[in-house]
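**Q** When we follow numbering that gives the first Met the number 0, the leftmost residue of the sequence shown carries the number 0, and every step to the right adds one. Backbone N, C-alpha and C define an ideal beta-carbon position, used for all residues, glycine too. Being a predicted model, the structure only gives us computed values, none of them experimental. Take a look at the following structure, please.
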Amino acid sequence: MALRRHQTSRWTHLFAKAVFLQCVAVSASHAVDLNDVAISIDENELTQLNLDSYNSGDDEFGLDLYLDVTLNGASAGLTHFYYRDDQLWASKTILQQLGFIVPADTTDAILLNSLLDLNIDYDARQQSLRLIAPLSMLNLDTTVRNTRANKRPQPTSSSGMLLNYNIYGTQTQNSARNLSVYTELRAFNTLGVLSSTALTNANSYTHSNDWDSRSVRLDTSWSQSFPDKLITVRAGDILTGALSWTRPTRLGGLQIGTNFSLQPYRSTTPLPSFFWHSHPTLSGRALCQWSQTIQW
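The following block contains the structure:
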């Protein structure tokens, strides 16, 4: 098949060139107008902020800055600071809102560099401030988890008296009988406990209705305990404590000693334990400080 070529009119080429040149001229004119508008907006914003003509002596506190603050890896949002003498200042209220411990008598603006152990990283281009502060400088909420709370009950005392006794009796085939009674008389009030023990023994021999009896006072003592201090005071007949390889001693007088039975839940041997505190960040990481101690 043969291809035919059609001739194009000269007037058609001239008309197309004219339309193309007109479109290019209109686009260039609009581009110039937009650039002029952008430049004028930037100049207006600079004029409103008055940054080009700022003088540190014009304001009592300095230039106001609203910085994006990060404290120990956690974002604290936009915070108001003052920029004066090439240093950052903050008011007492702002530091308290961030969680810093500020003395109550502080009234003026506080220089951040005056806070000891505070790591300051100020980025002027990004208008951000990164602070690293030890936990001792911060007043943060503390949560204690999985800790056994042992609350010692407060002891109460009242007046009273009681009698304890043990009775033992025997009888032989020859009608001989024996009776033994151990008694303890105890009186107590807020001043302490007064206790007295005695042993009574009675015998009846064969074919006799008469009883031969005698009584012996064993121990009489007064004691007072102080549960908060684990101390017990005893006066009178005293039986000293003993270990597994020693023997107790009976004596008369005054005794002041530690009484661990007043707090039976208290451990008397050292136990290894781990304590730690952390400050979680928004990214899910934790800044932890571990320490191993011996808890008594």
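By a C-beta neighbour count over all protein chains shown, 10 Å radius and 16 as the cutoff for buried, is R233 buried or exposed?
**A** The residue is buried, with at least 16 neighbouring Cβ atoms inside 10 Å.
**Q** Assuming contact is defined by CB atoms lying nearer than 9 Å, are L217 and T196 in contact in what I supplied?
**A** Closer than 9 Å, so yes.
**Q** Among all the DSSP beta bridges, which residues are the ones paired with V304?
**A** Any question about residue 304 goes unanswered here, given that the chain covers just 0 to 295.
**Q** Are three or more beta carbon pairs between the stretch 158-172 and the stretch 118-128 nearer than 8 Å?
**A** Judged by Cβ distances under 8 Å, the stretch 158-172 makes no contact with the stretch 118-128, as fewer than three pairs qualify.
**Q** To which residues of the same chain is I255 closer than 6 Å at the C-beta, ignoring the five residues directly before and after it?
**A** The answer, listed in chain order, is V232.
**Q** Can you check the stretch 111-182 for any beta strand (DSSP E) of at least 3 residues that lies completely inside it and give the ranges in chain order?
**A** Runs found: 118-122, 127-131, 159-170.
**Q** Nearest-angstrom Cα distance between N71 and L261?
**A** Computed Cα separation, rounded: 46 Å.
**Q** Between the C-alpha atoms of L337 and G98, what's the straight-line distance to the nearest angstrom?
**A** Residue 337 is absent from the model: the chain starts at 0 and stops at 295.
**Q** Could you give the distance in angstroms between the alpha-carbon of H202 and the alpha-carbon of W210?
**A** Looking at the sequence provided, one finds Asn at residue 202 rather than His. When rounded, the distance between both Cα atoms is 5 Å.
**Q** Rounded C-beta distance between G191 and Q153? I'm assuming under 8 Å.
**A** Not confirmed; about 18 Å, so no contact.
**Q** Please go through the same chain and pick out, in chain order, the residues whose beta-carbon is closer than 8 Å to the beta-carbon of Q86, but skip the five residues on each side of it.
**A** The answer, listed in chain order, is L110, L111, N112.
**Q** Suppose the cutoff is 7 Å on Cβ atoms and the five residues either side in sequence are ignored; what does the same chain contact list for A241 look like?
**A** So the list reads P247, once near-sequence residues are dropped.
**Q** With DSSP as the reference, identify every bridge partner of G240, one or two as the case may be.
**A** G240 pairs with nothing; no bridge assigned.
**Q** Assuming L250 contacts I237 under a Cβ cut-off of 8 Å, what Cβ separation, rounded to an integer in Å, is found between them?
**A** About 6 Å separates the two Cβ atoms, so the contact holds.
**Q** Locate the beta strand (DSSP E) running through Q223, then write down its first and last residues.
**A** First-last of the beta strand (DSSP E) with Q223: 211-225.
**Q** At the 9 Å Cβ level, is G61 part of the contact set with chain D, yes or no?
**A** In the structure shown, chain D does not exist; there is a single protein chain.
**Q** Give me the residue from S179, L253, M160, G252 with the minimum Cα distance to G168.
**A** Nearest of S179, L253, M160, G252 to G168, Cα basis: S179.
**Q** Does DSSP classify S207 as helix, strand or coil?
**A** Three-state DSSP puts S207 in coil, outside helix and strand.
**Q** DSSP three-state label for T257, please.
**A** Looking at T257 - three-state DSSP - the assignment turns out to be strand.
**Q** Would a C-beta distance cut-off of 9 Å place L139 and T69 closer than the cut-off?
**A** Going by C-beta atoms, L139 is not nearer than 9 Å to T69.
**Q** Let's see if you can read the secondary structure: which residues bound the beta strand (DSSP E) around Q296?
**A** The requested residue 296 is not part of the displayed model; the chain covers only 0 to 295.
**Q** List the whole-angstrom C-beta distance separating K91 from T105, where the pair is believed to meet the contact cut-off of C-beta under 8 Å.
**A** Right, the Cβ-Cβ distance comes to about 5 Å (below 8 Å), so this counts as a contact.
**Q** Which term fits L115, buried or exposed, when burial requires 16 or more other beta carbons within 10 angstroms of its beta carbon?
**A** By the 10 Å Cβ count, L115 comes out exposed.
**Q** In the DSSP assignment, find the unbroken beta strand (DSSP E) run with A75 in it and report its ends.
**A** Start and end: 73-83.
**Q** Does L190 come out as helix, strand or coil in the three-state DSSP assignment?
**A** The answer is coil: DSSP assigns L190 none of H, G, I, E or B.
**Q** Quick check: does the Cβ of Q262 come within less than 8 Å of any heavy atom belonging to the ligand FAD?
**A** Absent from the structure shown: the ligand FAD. Ligands present: none.
**Q** Could you check whether T199 and S220 sit closer than 9 Å to each other, using their CB atoms as the reference points?
**A** No. Outside cutoff.
**Q** In or out: A89 buried (at least 16 other Cβ within 10 Å) or exposed?
**A** Buried, by the Cβ-count rule.
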